[in-house]
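Asker: Each number in the working numbering comes from the position in the sequence shown (counting from 1) with 1053 added on. C-beta atoms are modelled at their ideal positions from N, C-alpha and C, and glycine is treated no differently.
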Amino acid sequence: MDRDIGLAVVDDDPLFLDYVSNLLALQGGMRVTCLESETALFDTLGTEPFDCILMDYDLGQNNGLSVAERVNAMLSNPTPIVMLDLKVTELVGAVRGAVDRHEAAQGARARTEALQERLEFNATTGLYDQRFMQARLADFTAPGAARRFAVIVIDIRELATVRAELGYMAGQRLSNAFAAELRG
1054 MDRDIGLAVV
1064 DDDPLFLDYV
1074 SNLLALQGGM
1084 RVTCLESETA
1094 LFDTLGTEPF
1104 DCILMDYDLG
1114 QNNGLSVAER
1124 VNAMLSNPTP
1134 IVMLDLKVTE
1144 LVGAVRGAVD
1154 RHEAAQGARA
1164 RTEALQERLE
1174 FNATTGLYDQ
1184 RFMQARLADF
1194 TAPGAARRFA
1204 VIVIDIRELA
1214 TVRAELGYMA
1224 GQRLSNAFAA
1234 ELRG
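(1) Out of Tyr1110, Gly1059 and Leu1144, point me to the one whose CA is closest to Cys1087's CA.
(2) Would Leu1168 pass as a contact of Phe1174 if the rule is Cβ separation under 9 Å?
(3) In three-state DSSP terms, what is Asp1111?
(4) By a C-beta neighbour count over all protein chains shown, 10 Å radius and 16 as the cutoff for buried, is Asp1096 buried or exposed?
(5) Bridge partners of Thr1086, per DSSP?
(6) Measure the alpha-carbon distance for Ile1205 versus Ala1232 and round it to whole angstroms.
(7) Per DSSP, what kind of secondary structure is Asp1202 in: helix, strand or coil?
(8) Residue ranges of each beta strand (DSSP E) run of no fewer than 3 residues wholly in the stretch 1148-1200, ordered along the chain?
(9) CB Leu1077 to CB Glu1091, shorter than 9 Å?
(10) What three-state label does DSSP hand Asn1229 in the structure shown?
(11) For Ala1188 and Leu1070, what's the separation of their Cα atoms in angstroms?
(12) Mind checking Phe1103: buried by the 16 CB within 10 Å criterion, or exposed?
(13) What do you reckon, are the CB atoms on Leu1137 and Val1073 nearer than 9 Å?
(14) Quick check on Asn1075: does DSSP put it in helix, strand or coil?
(15) According to DSSP, Met1136 sits in a beta bridge with which residue or residues?
(16) For Asn1130, name the three-state secondary structure that DSSP assigns.
(17) Here's a check: name, in chain order, each residue in its chain whose Cβ is nearer than 8 Å to the Cβ of Tyr1110, leaving out the five neighbours to either side.
(18) Do three or more CB pairs link the stretch 1124-1133 to the stretch 1143-1155 at distances below 8 Å?
Below you can see the structure in the form of structure tokens.
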């Protein structure tokens, strides 16, 4: 990780909160925000994004698990949460590991979305491929679909003849030139 981790530390014991936040700050690479209650956490979540939330399991009237459930329900992209561990090396490892796993998952989602988008296009022509167009047509004609639409079908006449007489590559160049005109 090339940047500091934004870390919210939540504990209702001010002495322990100070102790844990100082230990983490001494490790370097972390911007620590101390919060003395779940209320302070929820107030801060609306204004300050965190890479990870570290909280005590025992938060007075509530436990850390119930607070974690509320955080996960509140955020569309939930922040990793680590319950407090008394060994600082394990604690730092848990925080870094949680953030790394979260970022890896986000990267995997982005790569999957990019791949899905590329699958919708023909790699050679850059136009939507036949499967995508068939799926869209099925959406438009599905029962209850209230959309008006038109379909224009363009068939390059004699493409098979061009390929047979001039070769596959000539036919492909013709298809690509036609596709470029359509995209333009």
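Answerer: Inspection of the coordinates gives the following:
(1) Start at 1 with the first residue of the sequence shown, and residue 1087 comes out as number 34. Selected option, being the one with the closest Cα: Gly1059.
(2) For the purposes of this step, residue 1168 is identified with residue 115 of the sequence shown, where counting begins at 1. For the purposes of this step, residue 1174 is identified with residue 121 of the sequence shown, where counting begins at 1. The answer is no: Cβ separation not under 9 Å.
(3) Locating residue 1111 in the sequence shown gives position 58, counting from the first residue. Strand.
(4) The residue given as residue 1096 occupies position 43 in the sequence shown. Counting Cβ neighbours within 10 Å, Asp1096 comes out exposed, since fewer than 16 surround it.
(5) For the purposes of this step, residue 1086 is taken as residue 33 along the sequence shown, with counting starting at 1. According to DSSP, Thr1086 bridges with Ala1061.
(6) Start at 1 with the first residue of the sequence shown, and residue 1205 comes out as number 152. Start at 1 with the first residue of the sequence shown, and residue 1232 comes out as number 179. Going by the C-alpha atoms only, they are around 14 Å apart.
(7) For the purposes of this step, residue 1202 is taken as residue 149 along the sequence shown, with counting starting at 1. A small correction: the amino acid at residue 1202 is Phe; Asp does not occupy that position in the sequence shown. Taken through DSSP and simplified to helix, strand or coil, Phe1202 comes out as coil.
(8) Correct list: empty.
(9) Position 24 of the sequence shown, counting from 1, holds the residue named residue 1077. Position 38 of the sequence shown, counting from 1, holds the residue named residue 1091. Not closer than 9 Å, so no.
(10) Translated into the one-based positions of the sequence shown, residue 1229 becomes position 176. Three-state result, Asn1229: helix.
(11) Numbered from its first residue, the sequence shown carries residue 1188 at position 135. Numbered from its first residue, the sequence shown carries residue 1070 at position 17. The straight-line gap separating the alpha-carbon atoms of Ala1188 and Leu1070 is approximately 55 Å.
(12) Mapped onto the sequence shown, residue 1103 falls at position 50. It is buried - the Cβ of Phe1103 has at least 16 other Cβ atoms within 10 Å.
(13) Counting from 1 along the sequence shown, the entry for residue 1137 is found at position 84. Counting from 1 along the sequence shown, the entry for residue 1073 is found at position 20. The answer is yes: Cβ separation under 9 Å.
(14) In the sequence shown, the residue the question calls residue 1075 occupies position 22. Here DSSP, grouped into helix, strand and coil, assigns Asn1075 to helix.
(15) If you number the sequence shown from 1, residue 1136 lands on position 83. Checking the DSSP bridge columns, you'll see Met1136 partnered with Met1108.
(16) Your numbering for residue 1130 matches position 77 in the sequence shown. Note: Asn1130 maps to coil in three-state DSSP.
(17) Within the sequence shown, numbered from 1, the residue matching residue 1110 stands at position 57. Result list for Tyr1110: Asn1116, Gly1117, Leu1118, Met1136 and Leu1137, in chain order.
(18) As far as the Cβ criterion goes, the stretch 1124-1133 touches the stretch 1143-1155, which means the pair count is three or higher.
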